[in-house]
Each structure stands twice: as C-alpha cells, then as structure tokens.
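Residue numbers (the working numbering): 1090 to 1462.
From the three backbone atoms N, C-alpha and C, an ideal C-beta is built for every residue, glycine too.
Keep in mind that this is a model prediction, so the values were computed, not measured.
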C-alpha cells in the first residue's frame, strides 16, 4: 500500500524540471470566472502618473473660466456703471456744433458784450450780454449738455425783435466757464440763478428762462426755487434723472455693441449711484416733473420733437400737467433731439411770442378761489 500511495501521489521537488499538475477544472457552470491579475488592471485603471496631466488641465480650464466670468461680471456691473456715471458728470468734452460754429451776436449785426459773473458756490461763468432798446425784460438762454452758448445764438435776433435783452452763457464745466462737474441741471440751476442776478443788475423788467435739453431742466429747477422768474421755455427736458438714466440705458445698446449685454437692472441703479457720487449731488432726488409742479401757475412752454427718441413727447405733456393751467405744449415735427427751433421755427416763435407777452404782463389776476381768470 505504501508503494501504491507513492505512485498515486507523486512528490515533486523544487528542483524538478516539470511543473506540478494543475487541478482539473470544475464541471460546475456556476464556478466564478477569475480575472488575470497581470493585464486587466493596467487597462482599466491608469496609473497616477498618467492621470495627473489631465487633472491639471481640467483645473486650469476651470480657473480660466472662473477668471473670465469674474472679469465679465466686473466689467458689466463695475466698470460700465462707473464709466457711464462719469460721461455726463466729470468728463469734459463738447460736440462739434458745425451749424453754429464761429457765430456771435455780431454775425446778426447785434451789439454785445463779453461778460463774466460768479455763482453762489464760486464757479466763474462767461457769457454774452445782448441789450435791446427799451427792453421789456431779459431772456436767459441755457444750452444743453456738452454744448456751449453758441447753441442758442440763432434765437437772439428773434428775442431782440420782440424787445427783450438776451444773456447767453456757458454753464459750469462747459465752454470757457469754470467748474469741475456737471449736474443734469440740478447743479446748473445755481448758474441760472447767477445769470438772473447779473441780468437784473443790467436791466429792469421780467426775467424769462429759455433752455434746451440740460438747459431745459435747468430752467425749470431755477424757476421752481425763484418765484420772481416770470416764465419758462423748456425745450426737450427729461422727466427725472432715474427715469432718463434707465431710458437712455436702453437706447445706448444701439450705440455700443458691448452695451447689449448690460442688463437694465441692477446697472441702471448703479449708474444713478455713480452719477450722484461723482457729481456730488443726490441723483435720485433730481426730478424735473416735481419741480414743474412748483411753477405756481406761471407761463410755461414745454417743447419737443415728435420723433425724439431720447425725450419723447409724453415727457412734455407730463411736465405741462404738473406745471398747471398756464402751461402749454408745442410738438414740432422732427426726429432730432433739441432741434425743434430749427425744425419748426414759425410755430416755435409764435408760441414763444405768446409766452413773452404773458410774462411781460406779470402774474395773472386771481379770483377768490385762487384760480386765474
């Protein structure tokens, strides 16, 4: 039996050249398959050294995306509002007024003087004084944003024919006048007040303020604070600063391609903040319509172009409603902002002539109820 056992179960030594016999495969179909530990793991699981470059690339792309997103957000919500807030306050430039370039009152054979006067807050203003013989009063002309006194020079002959002196001047931060910032008519009301005081020092009679665009708002603000202003001609004014900022933000999208990605909110509120911060005034309180309500029934003419996209006609009607029963609206056919006098001169001069006659006549008599006759 010992011999048989040795034959059935041979013993192989480590030095044997023949491998041991493998056990027979199981005949069971449920026996689990075994993976090769030599090849498959290397295919399914890359080594750490192979994964590292791809991980670094993903991290780099992620950070680049975050930086670009942060830069875009900073541009849209940071730089754009700050820049827009400075365009109309601290930036000083003047449009090329080709239609009036080189003109002075002498171009219309009218005598004039170069004059200067100072505002209550110390800003030096330069202008022209054009006297009329036996004047009924003085018209203080106020130009628009990024313009100068020459914007109104073609209106002077009409004022002279009507028997009124004319005072044209450059508002602060414009032309050759002093000042470091503009204020959408709110700061410029001090300029109009100084101009009125100068006019009263030169001549007797009523004072009428005639402004265009920024000057239109200026005229309303100044008259609202001074009941002695006899009348107001407000050509192409805005309604309120918050209202016009948000409206112009929509229009600006057609001027600069990159403004198309700028949302109205919260950028509009940010622009209003920077206007006030850079201009040194409370931008949210700048409200022409509220000021028009303080004109106390004085003659007022609100002028607009029918196709003016910047200051559409509904603004003029809102201001007229606020100003009371002696206010009128003149809508002139045309599309260009601030050019109603050029586009509809006969109708414009007729409406202004009516207002000047009312202003020269003084306040309207009132009944006991407080309503005008």
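| Item | Value |
| --- | --- |
| Per DSSP, the bridge partner or partners of residue 1359 | Residue 1359 pairs with nothing; no bridge assigned. |
| Cβ-based burial, residue 1333 [other Cβ within 10 Å; buried from 16] | buried |
| Counterpart residues of residue 1227 in DSSP-defined beta bridges | 1254, 1296 |
| CA nearest to the CA of residue 1266, picked from 1182, 1396, 1227 | 1182 |
| Cβ neighbours of residue 1381 in the same chain (closer than 6 Å, five flanking residues each side left out) | 1309, 1408, 1411, 1412 |
| With 16 other Cβ atoms within 10 Å as the buried cut-off, status of residue 1240 | buried |
| Other residues of its chain near residue 1418: CB distance less than 7 Å, five sequence neighbours each side excluded | 1391, 1405, 1406, 1409 |
| Sequence-distant residues of the same chain with beta carbon closer than 6 Å to residue 1415, five excluded per side | 1386, 1388 |
| Assigned secondary structure, residue 1201 (DSSP; H/G/I helix, E/B strand, else coil) | coil |
| Reduced DSSP secondary structure (H/G/I, E/B, other) of residue 1391 | strand |
| Residue 1320: first and last residue of the uninterrupted beta strand (DSSP E) it sits in | 1320–1324 |
| Contacts around residue 1340, its chain only, beta-carbon distance under 7 Å, and the 5 residues preceding and following it disregarded | 1398, 1399 |
| Which listed residue (1254, 1238, 1247, 1269) has its alpha carbon closest to that of residue 1212 | 1269 |
| C-alpha gap between residue 1160 and residue 1279, whole angstroms | 41 Å |
| Residue interval of the beta strand (DSSP E) (run including residue 1417) | 1416–1421 |
| Validate contact between the region 1293–1306 and the region 1231–1251 using beta carbons, cut 8 Å, 3 pairs | yes |
| Expected contact under 8 Å - CB spacing of residue 1330 and residue 1258 to nearest Å | Contact doesn't hold; Cβ gap of about 23 Å is too wide. |
| For residue 1276, three-class secondary structure by DSSP | coil |
| For residue 1283 and residue 1224, believed in contact at Cβ under 8 Å, the rounded distance | Actually they are not in contact, since the Cβ atoms of residue 1224 and residue 1283 sit about 20 Å apart, beyond 8 Å. |
| 8 Å contact criterion, which residue 1242 and residue 1193 should meet: CB distance rounded | 7 Å |
| Inter-residue Cα distance where the pair is residue 1275 and residue 1371 | 9 Å |
| Residue 1293 classed as buried or exposed, judged by whether at least 16 other C-beta atoms fall within 10 angstroms | exposed |
| Where residue 1182 sits in the DSSP three-state scheme | coil |
| Sequence-distant residues of its chain with Cβ nearer than 7 Å to residue 1251 (five each side left out) | 1442, 1445 |
| Assigned secondary structure, residue 1210 (DSSP; H/G/I helix, E/B strand, else coil) | coil |
| Cross-strand partners of residue 1216 (DSSP beta bridge) | 1204, 1258 |
| Whether residue 1249 touches residue 1173 by CB criterion (8 Å) | no |
| Integer-rounded CB distance, given that residue 1271 should sit under 8 Å from residue 1178 | 5 Å |
| Enclosing alpha helix (DSSP H) for residue 1310 [first to last residue] | 1303–1314 |
| For residue 1196, three-class secondary structure by DSSP | helix |
| Among 1189, 1169, 1286, 1335, the one whose alpha carbon lies nearest that of residue 1218 | 1286 |
| Three-way DSSP call (helix, strand, coil) for residue 1290 in this model | helix |
| Under 8 Å between C-beta atoms of residue 1226 and residue 1440 | no |
| DSSP beta-bridge partners of residue 1329 | 1376 |
| Close-in-space but distant-in-sequence residues of the same chain around residue 1430 (CB under 6 Å, 5 per side omitted) | 1437 |
| Close beta carbons around residue 1451, own chain, < 8 Å, minus the five adjacent residues each side | 1295, 1319 |
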